[in-house]
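Visitor: Questions regarding the structure given below will be posed in turn.
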Amino acid sequence: MLDLENTKRLNQYVSGQVETIKEIHSLMTSDLKRHYTIEELSKQYLMNTTTLKSVFKAVYGMPIASYMKEYRMKSTSNMLLQEDKSISEIAAAVGYKSQSKFTSAFRDIFQILPTAYQKLYRNQ
């Protein structure tokens with residue numbers, strides 16, 4: 008649900024821009040292995056980079072990179088508990104080539120290492 012501040016910010020954008028951002032969101036979240044650049048999305052959706060970034064932030068409440076990092080980590084938290092895969096396999100499934108970068112990103116979001124998270128919550 009959008010808060011009042013985001014709703015006010017959204018009102019300054021035309022509905023077509025908001026719909027385009029929702030399409031971009033759908034694209035980015037459908038394949039977490041793939042990392043899209045702002046420039047690539049801008050060209051593909053015919054929206055200038057500044058507008059793309061500002062409308063995305065207005066719709067989703069945070070910058071694209073922050074949103075995707077958090078989205079990936081929330082996805083991995085479920086994978087850690089429900090799938091019998093190694094940390095490196097899970098990291099690769101959400102687009103991290105380096106297990107150490109994945110571990111660092113996970114710790115930034117959850118304040119716990121993925122292995123500790125898995126041990127703590129898997130059997131609950």
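Using this note's numbering, the letters of the sequence shown correspond one by one to residues 8 to 131.
Yeah, the Cβ is synthetic: ideal placement off N, Cα and C, and Gly gets one too.
1) Considering only C-alpha positions, which residue in the set 35, 97 and 77 is nearest to residue 51?
2) For residue 41 and residue 94, what's the separation of their Cα atoms in angstroms?
3) Threshold first: 3 residues or longer. Then list the beta strand (DSSP E) segments lying entirely within the segment 79-105, N to C.
4) Taking the beta carbon of residue 37 as the centre, do at least 16 other beta carbons fall within 10 Å, making it buried, or is it exposed?
5) For the alpha helix (DSSP H) containing residue 70, list its first residue and its last residue.
6) Between the C-alpha atoms of residue 58 and residue 48, what's the straight-line distance to the nearest angstrom?
7) Please state whether the Cβ-Cβ distance between residue 74 and residue 63 is less than 9 Å.
8) Alpha carbon to alpha carbon, what distance is there between residue 112 and residue 23?
9) Tell me whether residue 72 is buried or exposed, calling it buried when 16 or more other Cβ atoms sit within 10 Å of its Cβ.
10) Report yes if the C-beta distance between residue 110 and residue 99 is below 9 Å; otherwise report no.
Guide: According to the structure data:
1) 35
2) 18 Å
3) none
4) exposed
5) It is not in any alpha helix (DSSP H) - residue 70 carries neither H nor E in the DSSP assignment.
6) 12 Å
7) yes
8) 33 Å
9) exposed
10) no
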